[in-house]
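**Q** Heads up: the sequence shown begins at 73 in this note's numbering, then just goes up one per residue.
In this text, a Cβ means the ideal position worked out from N, Cα and C, and glycines have one as well.
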Amino acid sequence: MPAPKRATIADDKTGQGRTAKFFGEIANRTSQAAGRALTFLIAAGIVLLWGISGPIFNFSDTWQLVINTGTTIVTFLMVFLIQNSQNRDSAAIQVKLDELIRVSTAHNSFVGIEHLTDDELEEIRTKCERRAEAEKIGEESVQRTGKKARRAADRVAG
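(1) Can you tell which of 186, 177 and 129 has its C-alpha closest to the C-alpha of residue 165?
(2) If the criterion is Cβ atoms closer than 7 Å, does the pair residue 91 and residue 153 meet it?
(3) Could you check which residue in 191, 163 and 200 has the C-alpha nearest to that of residue 181?
(4) Can you tell which of 111, 151 and 196 has its C-alpha closest to the C-alpha of residue 99?
(5) Check residue 129 in the structure and name its three-state DSSP category.
(6) Express the C-alpha separation of residue 105 and residue 213 in angstroms, rounding to a whole number.
(7) Out of 227, 196 and 107, which one is the CA nearest neighbour of residue 157?
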C-alpha cells in the first residue's frame, strides 16, 4: 500500500506551498527566457518599431504613454523575478557553503551565521581578519626561520 502524500503545514492552512511552488516554476522559466539573446532582440525590435511609428502618430502623448506604460509594467514584474532568482541562488550557495564547512576542518560554528545581526556578523568578520593576519605573520616567521636554518646548514656544510 503506497504511503499517503504528506502535506506541509503551509499547504494545510493557507495553500501557500502550492502557490509558492507554482510561482517558483513560473519565475524560473520566465527568468530563463528573459536572459536569452532572442528575448533581448525581440524587446529591442519592439522599441525600434515604437520609435519608427513616432512620425505616424505625430509623437503624440498616447504614443509616448504606450512605451512608458509597457516598460513600467515589465520593469515592475521583473523586480519580483530577479528577487526570486537571487533568493534561490543565495539559498543554494548558503547550503553548499554550510555543507563544505560541515565536512571540512573549518569551524562548524559558522554554519547558519547568515541569521545573525549585522553587528554580530561584523564582530565575527573582525575576529576572522585578526586570525588571518596572525596566521600570515606566523607563516612569514616560519619562512624566515627556514631561510636562517638553510643558511646555517650551508655554512656548516660549506
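**A** So, from the listed chains and residues:
(1) Here residue 165 refers to the residue found at position 93 of the sequence shown. Comparing Cα-Cα distances from residue 165 to each of 186, 177 and 129, the minimum goes to 186.
(2) Sequence index remark: in the sequence shown, residue 91 carries index 19 (1-based). Sequence index remark: in the sequence shown, residue 153 carries index 81 (1-based). Result no, Cβ atoms of residue 91 and residue 153 do not sit closer than 7 Å.
(3) Mapped onto the sequence shown, residue 181 falls at position 109. Residue 200 is the option with its Cα nearest to residue 181.
(4) What you label residue 99 is simply residue 27 of the sequence shown in a count that begins at 1. Per the Cα distances, 151.
(5) Walking along the sequence shown from the start, residue 129 turns up at place 57. Residue state, collapsed to three classes: coil.
(6) In the sequence shown, counting from the first residue as 1, residue 213 sits at position 141. In the sequence shown, counting from the first residue as 1, residue 105 sits at position 33. So the two alpha carbons sit approximately 55 Å from each other.
(7) Numbered from 1 along the sequence shown, position 85 holds the residue referred to as residue 157. The option with the nearest alpha carbon to residue 157 is 107.
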